[in-house]
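Enquirer: A single structure is presented below for examination.
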Amino acid sequence: MHLDVYIYGNQEPWILWDIYLYSVNVIDLTMVVALIVDRDFLGLHKLKNKTLNYFKSNDTHKVT
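The sequence shown: position 10 = 15 (our numbering), numbered continuously.
So this is what it looks like as structure tokens:
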């Protein structure tokens with residue numbers, strides 16, 4: 006961004022910066038709400054538990 010704005014002198018708006026701006030704010034708001042409500046909106050706890058259970062079950066079935 007430094008190269009684009011200061012070196013090249015580009016002052017035109019860019020659509021990806023607008024997308025970045027709104028997406029960062031939505032993600033920040035989601036994190037604040039998740040901390041206050043203590044909910045797993047993305048299902049990361051379920052995914053973690055399923056992954057750990059999968060690997061634990063595979064450890065007991067190993068043939069040495």
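Where a beta carbon is used, it is the ideal one built from N, C-alpha and C, also for glycine.
Predicted model only: the values in this text are computed from it and were never measured.
#1: Is it true that the CB of D9 sits closer than 8 Å to the CB of N15?
#2: Assuming T4 and F46 are in contact, meaning their beta carbons sit under 8 Å apart, how far apart are those beta carbons, in whole angstroms?
#3: In the structure shown, what three-state DSSP assignment does L47 receive?
#4: Given A39, which residues of its chain have a CB within under 8 Å of its CB, disregarding the five upstream and five downstream residues?
#5: Is Y25 helix, strand or coil when you go by DSSP?
Expert: Per the coordinate set shown:
#1: Yes, these two residues count as a Cβ contact at 8 Å.
#2: Because residue 4 is not part of the residues shown, which for the chain are 6 to 69, the question remains open.
#3: Coil at L47, not helix or strand.
#4: Answer for A39: D45 and F46, listed in chain order.
#5: Taken through DSSP and simplified to helix, strand or coil, Y25 comes out as helix.
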